[in-house]
Every structure is written in structure tokens, then in C-alpha cells.
Amino acid sequence: MSTPISPIIDFVNLRHWDLVEGRYVISHVKTDHPSLPINKKIVRGESAVGCTIIEQTDDPNKCTLYWIVNVDLKMWLPRGIFDKEMSQMMFSNNFMLNV
0 MSTPISPIID FVNLRHWDLV EGRYVISHVK TDHPSLPINK KIVRGESAVG CTIIEQTDDP
60 NKCTLYWIVN VDLKMWLPRG IFDKEMSQMM FSNNFMLNV
């Protein structure tokens, strides 16, 4: 079992989606909300404006996913560790989409 190298991080995002020219476009940005106050035991990361686009392909069982992420984790990590962890996170999220 691995030990986490980072504290618990949460995000509070405002999200909007729409169908644009046959593609689902989902945008999100950091927000504050009174029902989700900052917890001193949890680091509140920040998402700058981000976007996900889901596009049909010729195969009815597949799609193309574009994922644009811009986050501030509010912590310092060496670049190599950050890149490795971010790649693993994105891969595990994409694996969950493969249904």
C-alpha cells in the first residue's frame, strides 16, 4: 500500500455544459460557496478556467475526449513527481470513463 505524498485536496467548481455543434462542451471554474467553507485540515485547490469536450467518432461505441486542465494544488512538489502524479490521475479518470 502506498503512502500519499500530499495532503487531502478538495476543489469547489462552478460547472456549465451545453451541446455545441454536436459536441458536449463542459466548462468549469473555481468558486466559493457558503455551504462549503474552507476546512483547515484540507487544502483547497483552485481550478482556473477549464474545459472538457466530448465528440462523436465514426464508431458508435467510442468518443474523443479533450480535457483542458489548469489547477493550482496550493502546494509545492518537484516537477517530476507532479508530472507523474498528474499523469496517473488523468489515466485513472479516463479508465473510469471506459465503460
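Read in order, the letters of the sequence shown are residues 0 to 98 in numbering that gives the first Met the number 0. Each residue gets a CB set at the ideal place from its N, CA and C atoms; glycine is no exception.
With contact defined as three or more Cβ pairs closer than 8 Å, the segment 34 to 53 and the segment 6 to 14 are in contact.
The distance from the Cβ of residue 66 to that of residue 51 is about 5 Å, consistent with a contact at the 8 Å cut-off. Look at residue 37 here: in three-state DSSP terms it is coil, with no helix or strand label. A distance below 8 Å between beta-carbons, with the five flanking residues on each side excluded, links residue 31 to the following residues of its chain, in chain order: 11.
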